[in-house]
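These protein sequence lines map, in sequence, to chains L and H. Quick note on numbering: the first sequence equals residues 6 to 132 in the numbering used here. Quick note on numbering: the second sequence equals residues 1324 to 1503 in the numbering used here. Here a beta-carbon is modelled for each residue, glycine too, at the ideal position from N, C-alpha and C. Report on the following structure.
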Amino acid sequence: MTTPSTQKTPAEQALKARLEQWVELQQSELSLRWQDIQPRSTLAPHRQWLWLAPIATAAAVAWFVVAPLTPTAPAMQPVPPMLLADNYTLDALDQRIQAAYLQGAAPHQIDALWQERAYLQAKEQVL
Amino acid sequence: MNTGFGSDISPDTIRAAQEGRRDAQRVIFEVFQRPVLTLLRGLCKEPELARDLAQDVFVQAFAKLNQLREASAFGGWLKQLTLNTAFAYFRRPTNQNNSIEDEPEVETDDWQSQADWLSRVDDIETLLNALSDDERLLVWLFVVEDYSHQELAEYMNISATAVRQRYHRALQKLKDRSSS
């Protein structure tokens, strides 16, 4: 692996021999079991997601605490359901009535529009 | 020292291990268990620590094996990983038992010129345990593993001069202990 890059003195060479001899003797006392070498990802597959438990618990608790305090704008400020067909019709009728007045329509035409509007409004209230 | 990191292992076994096959990983473990343990035993005072670090080395090796491009380089790669693991352990603040820089130069001519003092040493392990962790790393890697002072300086992130001073001081300590 490494190349000897420094000349060893006699003392260092002797020390090296003694150390190599010593570590060779240590071999018999040192061993590992294959069972101890388990990849971290497969050490306990059924426990892999356990670390998420405290986070999930904290998130759930936070939600229960914070959610009721959070103002829900749509619920407190009801918005007319403009997407209903009748509301579009009512709005259109208002525009037609306004246009009829501006264009100097005959009174019976304007009355007819108002009656139609009254009918639609009554229908919306019933529903 | 030929610690066995150059052991032959087939590229097919390496590739199979890279694919996550446990049987191939086990072959690698059986072949390289001894060199990893030997190197770490030399670096660690306690055999239990050497065993724990070796276990960590193999777990890391199999987790990072996909980073290895050339199967023939496995031995060197594993040795590097073993050293990195040891250095990472001994670099932890809680495991550093003394400073590294600014140490006084020691006179080393007497021990360098003679080896007879070693012949008086009966228990080399006890003598070795007199060294600090850093000193032991330097002595083992320089004397046994033939790393240069410059290489060790890069590993330890200190100057080569500091490595040389520390190494000389460690050997002087060994000699002093051997005669006491």
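Close-in-space but distant-in-sequence residues of the same chain around residue i (CB under 6 angstroms, 5 per side omitted)
i: GLU1458(H); result: ALA1493
i: TRP1440(H); result: LYS1498 and SER1501
i: GLU1371(H); result: none
i: GLY1327(H); result: ARG1357 and PRO1358
i: SER1330(H); result: VAL1354
Same chain, Cβ closer than 7 angstroms to residue i, five either side skipped, listed in chain order
i: ALA104(L); result: none
i: ALA1339(H); result: ALA1347
i: ARG101(L); result: LEU118
C-beta neighbour in chain H for residue i, strict 9 angstroms
i: SER33(L); result: no
i: ALA2(L); result: Past the edges of chain L, shown from 6 to 132, lies residue 2(L), and the structure says nothing about it.
i: ALA63(L); result: no
i: ILE60(L); result: no
i: VAL28(L); result: yes
Span of the alpha helix (DSSP H) around residue i
i: LEU1363(H); result: 1345-1366
i: THR1336(H); result: 1334-1341
i: TRP27(L); result: 15-31
i: ILE1447(H); result: 1447-1451
i: GLN126(L); result: 112-131
i: ALA1411(H); result: 1397-1414
i: ALA1377(H); result: 1370-1387
i: GLN1495(H); result: 1483-1502
i: GLU1393(H); result: Where GLU1393(H) is concerned, there is no enclosing alpha helix (DSSP H), given that its DSSP letter is neither H nor E.
i: GLN1473(H); result: 1472-1479
i: VAL1467(H); result: Counting along the chain, VAL1467(H) falls outside any alpha helix (DSSP H), and DSSP gives it neither H nor E.
Below-9 angstroms beta-carbon distance, residue i vs any chain L residue
i: SER1442(H); result: yes
i: LEU1497(H); result: yes
i: GLU1353(H); result: yes
i: GLN1341(H); result: no
i: PHE1381(H); result: yes
i: ARG1349(H); result: yes
Residues of its chain near residue i, where Cβ-Cβ distance is below 8 angstroms and the 5 sequence neighbours each way are ignored
i: LYS13(L); result: LYS21
i: GLN1341(H); result: LEU1388, ASN1389 and LEU1391
(request) Determine which residues of the region 1364-1378 of chain H have a Cβ less than 7 angstroms from any Cβ of chain L, and write them out in chain order. (result) Flagged, chain order: ARG1364, GLY1365, PRO1370, ALA1373, ARG1374, ALA1377 and GLN1378.
(request) Note down, in chain order, all residues in the region 1466-1497 of chain H with a beta-carbon under 9 angstroms from any beta-carbon belonging to chain L. (result) Residues passing the 9 angstroms Cβ filter: VAL1466, VAL1467, GLU1468, ASP1469, TYR1470, SER1471, HIS1472, GLN1473, GLU1474, LEU1494 and LEU1497.
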